[in-house]
Amino acid sequence: MPYYADLHCHSTASDGSDAPARVVERAKAAGLKVLALTDHDTTAGVPEAIAAGNNLGVKVLPGTELTCYVEGKEVHVLGYGLDYDNDQLKEHCARFQEARLRRAREIGERLAAHGVPVDMDKVMAEADGGVVGRPHVARALVEAGHVKDFQEAFDLYLAEGKPCAVGKMPVTAQECVKVIKEAGGIAVMAHPYLGPRVKMIPALLQAGAVGIEVWHSAQDEAQSAELQVLAEERGLLKTAGSDCHGTIKGCEPILGKWGLQEQQWRKVEKALEKTWWGASTTDG
Ligand code: AMP
Ligand code: FE
Ligand code: FE
Ligand code: ZN
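Its first residue numbered 146, the sequence shown is counted upward by one per residue in the numbering used here.
See below:
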């Protein structure tokens, strides 16, 4: 049976390969009833996704995946049900985007210094005004023939700790959760086992996150089982998502391969009642 809700995916508004409307078409084809679009540090793709969802009968939950740092390590925070047009949120994202552009230039300089230059103007152009990320650079490294595939680009140059990795704007978990809450949303810690960042769960909860992403394409069954127990012990929301980036990683899209069954979605939906989205969709 297909999953009911996939609460984590990316579009061309950040580092996914498909336009927001195309992502929603894929969701429909995968049998999903609910999709949260969670582009990195932006909500720019949300209006297009909602419009497509209205046409196709897929409920699109406004979302984002904000970057923050805990003890110097990057942690991702999912924001759900937030007003995607909120001024403070947009300002936060605009600042982050500028910092990402500077960072992309620095990554480009480092790659050139390591003898694997890529045309950064082209990379920026291909990001098409959206949020520039390492996946765009990885794709360019593949196209330039410097690496055999997307993963090798990360393993040799771009992954954390590798020579051409550059940090992003140093936002704290508190700031990040505050931005989400003030835009009327709820915060959920993304993929705790990616990294892994499990040790940072208490810091995220302390900052005001109310849930954790229990099921995710990078987490195995044992890890998810452990996160599920933790969430139940602490009364946290349990979310799930594929984290599909389309085909940018050189694989088939995985939209809808991870997600929540309807019963689990209803619990999340209940918690969303008090968000901006909940208020705007249940007006009697
Ligand atoms: P950025 O937003 O520039 O930090 O890029 C983050 C994205 O890069 C993530 O969403 C992943 O898609 C990808 N990524 C990060 N680290 C790795 C890694 N070690 N291997 C493969 N992909 C990665
Ligand atoms: Fe990404
Ligand atoms: Fe992430
Ligand atoms: Zn993601």
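Don't be surprised by glycine CBs; every beta carbon is placed ideally from N, CA and C.
Just so we're clear, the structure is a prediction, and the values are computed from it rather than from any experiment.
How would you label residue i, buried or exposed, when you count the other beta carbons within 10 angstroms and need 16 or more for buried?
| i | result |
| --- | --- |
| proline 190 | Correcting the residue type first, residue 190 is glycine in the shown sequence and not proline. Buried: at least 16 other Cβ atoms inside 10 Å. |
| valine 220 | buried |
| arginine 245 | buried |
| glycine 143 | The chain is shown from 146 up to 429; residue 143 falls before or after that span and cannot be answered. |
| arginine 342 | buried |
Would you report the Cα separation of residue i and residue j, rounded to the nearest angstrom?
| i | j | result |
| --- | --- | --- |
| lysine 173 | valine 413 | 20 Å |
| glutamate 254 | aspartate 266 | 12 Å |
| glycine 429 | glycine 423 | Note on glycine 429: pLDDT 45, under 50, position unreliable in the model; the coordinate value appears next. The straight-line gap from Cα to Cα measures roughly 11 Å. |
| alanine 257 | valine 263 | 7 Å |
| proline 308 | leucine 301 | 8 Å |
| glutamate 288 | glutamine 364 | 29 Å |
| proline 147 | lysine 178 | 10 Å |
| arginine 279 | valine 311 | 10 Å |
| isoleucine 325 | histidine 259 | 38 Å |
| serine 362 | serine 387 | 5 Å |
| histidine 153 | leucine 303 | 23 Å |
Near residue i, which residues of its chain fall below 7 Å by C-beta distance, leaving aside the five closest residues on each side in sequence?
| i | result |
| --- | --- |
| valine 169 | Leu180, Ala194, Ala197, Gly198, Leu201, Val203 and Val205 |
| leucine 401 | Here residue 401 turns out to be glycine, not leucine, going by the sequence shown. Excluding positions up to five away in sequence, the list reads Pro147, Tyr148, Asp151, Ala172, Ala175, Gly176, Leu177 and Ser387. |
| isoleucine 393 | Asp160, Gly161, Ser162, Pro280 and Arg284 |
Less than 8 Å between the CB atoms is what I'm expecting for residue i and residue j, so what's the real figure, rounded?
| i | j | result |
| --- | --- | --- |
| histidine 155 | cysteine 396 | The pair is not a contact, with the Cβ atoms about 14 Å apart (cut-off 8 Å). |
| leucine 234 | leucine 227 | 7 Å |
| threonine 209 | lysine 313 | The pair is not a contact, with the Cβ atoms about 15 Å apart (cut-off 8 Å). |
| histidine 291 | valine 261 | 4 Å |
Taking the DSSP output, what are the residues bridged to residue i?
| i | result |
| --- | --- |
| glutamate 358 | Thr384 |
| methionine 146 | Its beta-bridge partners do not exist; DSSP assigns none. |
| threonine 212 | His221 |
| valine 205 | Leu180 |
| valine 282 | Note: valine 282 sits in no beta bridge, so no partner. |
| histidine 185 | Glu210 |
Enumerate in chain order the residues of its own chain whose CB-to-CB distance from residue i is below 8 Å, with the five nearest sequence positions on each side excluded.
| i | result |
| --- | --- |
| alanine 376 | Gly356, Ile357, Val359, Leu382 and Lys383 |
| glutamate 271 | His281, Arg284 and Ala285 |
By Cβ distance below 6 Å, which residues in the same chain neighbour residue i in space, the five residues on each side in sequence not counted?
| i | result |
| --- | --- |
| tyrosine 229 | Thr188, Val191 and Pro207 |
| alanine 158 | Asp184, Thr187, Ala189, Gly190 and Gly275 |
| glycine 391 | Gly161, Ser162, Asp163 and Pro398 |
| alanine 352 | Ala318, Gln319 and Val322 |
| alanine 328 | Leu227, Asp228, Asn231 and Leu234 |
| leucine 349 | Ala318 and Met334 |
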